[in-house]
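Residue numbers (the working numbering): 109 to 667. So the structure is just underneath, and the comments pick up after that.
Have a look at this one:
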């Protein structure tokens, strides 16, 4: 699914990791999707991470199934799988459980932190036991008849590809490209895999295309035969059937039947998308074309991004002015909306939210529908056409069919810390100053400071922050909290009043100046419900008023 959010609140330092995880969430092979009717929401509520409860809410009958998960580390510790009507979750002891609504939970495996469901085939589930900070995973095959877990792969980077039946899995082990094949030993194909160009697998798991430092190769997994296509590197490879693929090489689009020479189709190709109707592509000047039988037809100019439905009969594109257009069956373009803040496309349905908080849904052969106004956020999961969205009045709705009205599911999102729909977080409580209200102690790590002066304090009350050290108040400031999520944010100083501390001894005076300088640009914090950690890994512990007063009084340097 293509999903884009134009405005971000924070630059994620784990950008590369997130790119890898996005690849993980995509299907391992290309096949026509079957959308399901997902009516389930997961809500999580806690005061701190060690005391969390979750509920699975059925939007149809409003039935709620409570799960005492005990802890909550991230959205990757609980997920509802609508295809099998089952909740997977990790408890406080690191055990993974499967639970059907209104039934007892069944333990699957121990010693797990985070997980991702990669795919489902018949009675088997492919699951990644992963650590988000390393972007690697152990891969398990779960038999859903008895919930037994079989470990297939250790320490795979999370950009793996797999066949529909999971009998073949291709993965990257730190530039070592390896193949798991059911019933056989794991085989290494190359030790110099190109991270930039990567690899791709045919839907039947028989053919692999990859790049290493020597060029581009086709590897026949079934026959254990390798063929070098070129010393150049390919881009954007697509298997259009079991033995034919498209790829771009130095801005030229090629079609190749395995065992034959690649045939150049057209030049000046920046990016393409294949459909059964033909090929859509953009050139380096951002012109959008439709290509069939080597004949191209221009659709639009100055195209920034475009989406093609599964049979190629509908294309949507966003131009450089952020205006969304639709074209069906290569006819006239139709303007839909402008200034999109967020948009998603799952191959059948396009959903867009513009800067006026208007939510639109577009489907092939139907007029664009403005679903609602005053919308803050939405999610369109990959496996359903249902759209869940949050309104500015804190209500959550589920939109299904264009001819039906949206259904209200949750009255007030503020009752929860997280709400998930499908594989994504629909709502996440934002950290507030009131969450970190109180007195916080931290240690000064400076040379030549007497141990009794090592403690400093910040006192937060409403939008006021006070800094204390060396038995004195150093400054009082008006602050606001720029929240990134429910745990992280930045305390920003709006105005500050500094106090007189000139009577401090020399070394303490300059230490006080250093402290003020440390806070002068604001501090980024992470709050786990009990303690605060700032971006320099300083730990702040909450203390009582009496402790604070006694400590400050004891720091009188004349004592």
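Don't be surprised by glycine CBs; every beta carbon is placed ideally from N, CA and C.
Query raised in the report: I think residue 521 touches residue 504, with their Cβ atoms under 8 Å apart; what is that distance to the nearest whole Å?
Result: Between residue 521 and residue 504 the beta-carbon gap is near 6 Å, inside 8 Å, which marks them as a contact.
Query - Nonlocal neighbours in the same chain, by C-beta distance under 8 Å from residue 193, ignoring five residues either side - result: Around residue 193: 208, 209.
Query raised in the report: Identify the residues that DSSP records as bridge partners of residue 462: which are they?
Result: According to DSSP, which records beta bridges pairwise, residue 462 is partnered with 448.
Query raised in the report: Between the segment 232-239 and the segment 281-293, do at least 3 Cβ pairs fall closer than 8 Å?
Result: No, because fewer than three Cβ pairs between the segment 232-239 and the segment 281-293 fall closer than 8 Å, the two stretches do not touch.
**Report entry** the segment 335-342 / the segment 269-289 touching (three or more Cβ pairs under 8 Å)
**Finding:** Verdict: no, contact absent.
Query raised in the report: For the alpha helix (DSSP H) that residue 221 lies in, which residues bound it at each end?
Result: Neither: residue 221 is in no alpha helix (DSSP H) and is coded neither H nor E.
Query - Straight-line Cα distance separating residue 429 from residue 380 - result: Rounded to the nearest angstrom, the two C-alpha atoms are 21 Å apart.
Query raised in the report: Per DSSP, residue 736 is paired with what?
Result: Shown here, the chain extends from 109 to 667; a query on residue 736 therefore has no answer.
Query - Rounded straight-line distance, which links the Cα of residue 369 to that of residue 83 - result: The requested residue 83 does not occur in the structure, where the chain is confined to residues 109 to 667.
**Report entry** C-alpha gap between residue 326 and residue 315, whole angstroms
**Finding:** Those two C-alpha atoms are separated by around 7 Å.
Query raised in the report: Within this structure, are the beta carbons of residue 568 and residue 546 separated by less than 8 Å?
Result: With respect to the 8 Å criterion, residue 568 and residue 546 are classified as neighbours on the basis of their beta carbons.
Query raised in the report: Per DSSP, residue 392 is paired with what?
Result: Within the DSSP bridge table, the entry for residue 392 names no partner.
Query - Cβ separation of residue 281 and residue 263, assumed to be a contact under 8 Å, to the nearest whole Å - result: Residue 281 to residue 263, Cβ: 6 Å. Contact.
Report task. Would you decide whether residue 445 is buried or exposed? Buried here means 16 or more other CB atoms lie within 10 Å of its CB. Result -> Burial call: buried.
**Report entry** Simplified DSSP state of residue 274, which is helix, strand or coil
**Finding:** In the structure shown, the three-state DSSP call for residue 274 is coil.
Query raised in the report: With a cut-off of 8 Å, do at least 3 Cβ pairs link the segment 485-503 to the segment 141-151?
Result: Between the segment 485-503 and the segment 141-151 there are three or more inter-stretch CB-CB distances shorter than 8 Å, so the stretches are counted as touching.
Report task. Note down, in chain order, each residue of its chain lying with its Cβ closer than 6 Å to the Cβ of residue 134, except the 5 sequence neighbours on either side. Result -> In this prediction, residue 134 scores a pLDDT of 39, lower than 50, which makes its location untrustworthy; the coordinate-derived value is nonetheless stated afterwards. So the list is empty, once near-sequence residues are dropped.
Query raised in the report: So is residue 217 buried or exposed if we call it buried at 16+ other beta carbons inside 10 Å?
Result: By the 10 Å Cβ count, residue 217 comes out buried.
Requested in this report: Measure the alpha-carbon distance for residue 366 versus residue 472 and round it to whole angstroms.
Outcome: Roughly 34 Å between the two C-alpha positions.
**Report entry** Limits of the alpha helix (DSSP H) - the one that residue 308 falls within
**Finding:** Segment 307-309 is the beta strand (DSSP E) holding residue 308; no alpha helix (DSSP H) there.
Requested in this report: Mind checking who residue 225 pairs with in its DSSP beta bridge?
Outcome: Answer by DSSP bridge pairing, in chain order: 235.
Requested in this report: Starting from residue 619, follow the alpha helix (DSSP H) in both directions and report where the run begins and ends.
Outcome: Element bounds for residue 619: 614-627.
Query raised in the report: Does the distance from the CB of residue 197 to the CB of residue 162 come in under 8 Å?
Result: The Cβ-Cβ distance between residue 197 and residue 162 falls below 8 Å.
Query raised in the report: Could you give the distance in angstroms between the alpha-carbon of residue 395 and the alpha-carbon of residue 306?
Result: Distance from the CA atom of residue 395 to the CA atom of residue 306, rounded to whole angstroms, is 27 Å.
**Report entry** Between the CA atoms of residue 416 and residue 273 - distance to the nearest angstrom
**Finding:** Rounded to whole angstroms, residue 273 to residue 416 spans 27 Å at the Cα level.
Report task. Would you list the residues sitting across from residue 258 in a DSSP beta bridge? Result -> 249.
Report task. Pick out whichever of 425, 459, 583 has its Cα sitting closest to the Cα of residue 601. Result -> Closest by alpha carbon: 583.
Requested in this report: Would you list, in sequence order, the uninterrupted beta strand (DSSP E) runs of no fewer than 3 residues that lie entirely inside the segment 356-438?
Outcome: Runs of the beta strand (DSSP E) inside the segment 356-438: 360-365, 371-375, 379-382, 387-390, 396-400, 403-408, 411-416, 422-427, 431-436.
Query raised in the report: Using the beta-carbon count (16 or more within 10 Å), is residue 513 buried or exposed?
Result: The residue in question, residue 513, is exposed, as its Cβ has fewer than 16 Cβ neighbours within 10 Å.
Query raised in the report: Residues in its own chain within less than 6 Å of residue 344 by CB, not counting five upstream and five downstream?
Result: Here the set comprises 356.
Report task. Return the residue from the list 268, 562, 426, 559 that minimises the CA-CA distance to residue 408. Result -> Residue 426 is the option with its Cα nearest to residue 408.
Query raised in the report: From this set, 541, 607, 346, which residue's C-alpha is nearest residue 592's C-alpha?
Result: Of the candidates 541, 607, 346, the one whose C-alpha sits nearest the C-alpha of residue 592 is 541.
**Report entry** Whole-angstrom distance between residue 392 and residue 474, CA atom to CA atom
**Finding:** For the pair residue 474 and residue 392, the Cα-to-Cα distance works out to about 32 Å.
Query raised in the report: Given a threshold of 16 other Cβ atoms within 10 Å of its Cβ, counted over all protein chains shown, does residue 171 qualify as buried or as exposed?
Result: Exposed.
Query raised in the report: Which residue's Cα is closest to the Cα of residue 438: 447, 420, 452?
Result: The residue with the shortest Cα to Cα distance from residue 438 is 420.
Query raised in the report: If you compare alpha carbons, which of 515, 516, 502, 507 is closest to residue 668?
Result: Since the displayed the chain opens at 109 and closes at 667, residue 668 lies outside it and no answer follows.
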